[in-house]
Amino acid sequence: MPLYHCQTHPASLLPIFLHNPYLVDLMRRPVRMEMISYIAHQVARTIMINEQLHASSALPTLPIKSNFSGEQAVTSLTPVVPKLPTLASFIIRLVDRSNIRVPTLLTTLVYLHRVRLALPAVTKGRPCTRHRIFLATLIVATKYLNDSSLRNKKWAEYAEHFDLPEVNLIEGQLLYILDYNLRFDEREACVHFAPFMA
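Under the numbering used here, the first residue of the sequence shown carries the number 368, and numbering increases by one thereafter.
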């Protein structure tokens, strides 16, 4: 028996010949721009955006405290309206800052498909909804596939547009939509990763 057939795959601990060779090859590749573009397109297919909702209404109003020469702090409500990047730019920034690899990035496709099936077709979101959905799928994929993963505090820092309570909320919302079922098998992975398995 050739040596290749005796090796075990480090992720599954099964003999490597039991796996789809195109999938094994894909898992070794670096993240490419066409992967990010494809994922951005799949996120966009997940939910429609209600164009009447202005970007500022999609973001919370945060209290801001200021001190005046030792006087009592005054709290004022000022809308925080950071400019939302394009979805592809948002994905690129997250992938770059978090050093995400292909297996984790492409696993978001499995969860995006499940979200699309779970949401009613008429569901509409705000301008930041697609960014939130992608961030949640990336966080969940990272935590599911890796023994050690980033904390949500770091994800909030990398995402820039969502604070820690919101990151925690969107992760919980995604898990609820997915019915806490994050498992998938190689067949399902091959279906969703097929555009890159050549």
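A virtual CB, placed ideally from N, CA and C, is assigned to each residue, including glycine.
- prompt: Is I500 helix, strand or coil by DSSP?
  reply: helix
message: Can you look up I506 in the DSSP assignment and give me helix, strand or coil?
response: helix
- prompt: Taking the alpha-carbon positions, what's the R312 to I403 distance?
  reply: The question about residue 312 has no answer, for the chain in this structure spans 368 to 565.
- prompt: What do you get for E538, buried or exposed, if any count of 16 or more other CB atoms within 10 angstroms of its CB means buried?
  reply: buried
task: Use the C-beta contact count for S443: other C-beta atoms within 10 angstroms, 16 or more gives buried, fewer gives exposed.
output: Unreliable positioning characterises S443 in this predicted model, as indicated by a pLDDT of 48, which lies under 50. The coordinate reading is nonetheless provided below. Classification of S443: exposed, given that the 10 Å Cβ count is below 16.
- request: Count the other CB atoms, across all protein chains shown, that sit within 10 Å of the CB of D546; report buried if there are 16 or more and exposed otherwise.
  value: exposed
Simplified DSSP state of M402, which is helix, strand or coil: helix
- prompt: For L476, does the count of other Cβ atoms within 10 angstroms reach 16, so buried, or fall short, so exposed?
  reply: buried
message: For N464 and A523, I'd like the C-alpha separation in whole angstroms.
response: It should be noted that the sequence gives Arg, not Asn, for residue 464. Cα-Cα distance, rounded: 12 Å.
- request: Please classify M415: does DSSP put it in a helix, a strand, or coil?
  value: strand
task: Count the CB pairs spanning the stretch 517 to 534 and the stretch 483 to 494 that are closer than 8 Å, and state whether there are at least three.
output: no
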